[in-house]
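Read the structure below first, then the notes.
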Amino acid sequence: MRKFSDKSELEKTLIAGINGVELQRDEKRRYLGHFRERVIQAVTFDQLRTAKGLNAMKQALKHHKAAELVVRNKARTQAMPLIVEAQRLGVDFTVVSNPQFIGDVAVALVAREAVDVPRLMSEE
């Protein structure tokens with residue numbers, strides 16, 4: 024099977040029309056498979072090891088739109104207190120592992136729809 028970039032313009036147009044064009048691929052890889060606009064809070068590996076980072080995520084878990092806690096596989100041990108808190112609050116959690124993830128976001132709390140969060144802890 025040929026790569027998308029090796030296809031003719033006609034084939035590219037047909038594929039885009041049938042499947043739609045994947046938008047913001049790098050953004051989804053940075054936020055553990057989710058769009059930035061749906062992220063309520065995110066912390067890096069270094070921030071997750073601090074009380075400030077854990078507290079920021081615990082506070083975010085109480086957000087009324089919190090739908091899923093997404094934990095990078097390499098951070099699951101450090102994120103265990105957050106997983107326990109998410110279960111207590113009825114928030115789903117998922118442990119993800121993808122070699123294509125970029126950046127150092129270790130844990131992200133996401134909503135099912137866009138939320139207006141101007142700055143995440145991981146962006147500091």
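In this text, residue positions in the sequence shown follow our numbering: the first is 24, and each later residue adds one.
Each residue gets a CB set at the ideal place from its N, CA and C atoms; glycine is no exception.
Just so it is clear, the structure is predicted and the values come from calculations on it, not from any experiment.
For T67, which residues does DSSP report across the bridge?
Stepping through the sequence shown from its first residue, residue 67 is reached at position 44. Its beta-bridge partners are V128.
Once DSSP output is grouped into helix, strand and coil, what is the label at T117?
Translated into positions along the sequence shown, residue 117 becomes position 94. In this structure, T117 counts as strand in the three-state DSSP scheme.
Could you confirm whether any beta carbon from chain D is found closer than 8 Å to the beta carbon of K30?
Within the model displayed, chain D is absent; a lone protein chain is all it includes.
Taking Cβ to Cβ, would you say L77 is nearer than 8 Å to L84?
For the purposes of this step, residue 77 is taken as residue 54 along the sequence shown, with counting starting at 1. For the purposes of this step, residue 84 is taken as residue 61 along the sequence shown, with counting starting at 1. Cβ atoms of L77 and L84: not closer than 8 Å.
DSSP state of L33, grouped into three classes?
Reading the sequence shown from its first residue, position 10 is the one you call residue 33. Secondary structure at L33: helix, using DSSP grouped into helix, strand and coil.
Can you tell me whether V128 is buried or exposed? The criterion is at least 16 other CB atoms within 10 Å of its CB, across all chains shown.
As a first step, residue 128 must be located in the sequence shown, where it is residue number 105. Per the 10 Å Cβ criterion, buried.
According to the Cβ coordinates, are R59 and I125 closer than 8 Å?
Here the question's residue 59 lines up with position 36 in the sequence shown. Here the question's residue 125 lines up with position 102 in the sequence shown. Their beta carbons are not under 8 Å apart, which means R59 does not touch I125 by this criterion.
Pull up the distance between the alpha-carbon of F68 and that of A98, whole angstroms please.
Reading the sequence shown from its first residue, position 45 is the one you call residue 68. Reading the sequence shown from its first residue, position 75 is the one you call residue 98. C-alpha separation (whole angstroms): 7 Å.
Alpha helix (DSSP H) containing E108: first to last residue?
Numbered from its first residue, the sequence shown carries residue 108 at position 85. E108 -> alpha helix (DSSP H) spans 103-112.
Near A90, what residues of its chain come up, given a Cβ to Cβ distance below 8 Å and the 5 sequence neighbours on each side ignored?
For the purposes of this step, residue 90 is taken as residue 67 along the sequence shown, with counting starting at 1. Taken in chain order, the residues that qualify are V114, D115, V133, A134, R135.
In the structure shown, what three-state DSSP assignment does E91 receive?
As a working mapping, residue 91 is identified with position 68 in the sequence shown. Reduced to three states, the DSSP call for E91 is strand.
Suppose you measure from the CA of L112 to the CA of Y54; what does that come to, to the nearest Å?
Residue numbering aside, residue 112 sits at position 89 when the sequence shown is read from its first letter. Residue numbering aside, residue 54 sits at position 31 when the sequence shown is read from its first letter. Their backbone Cα atoms lie some 22 Å apart in a straight line.
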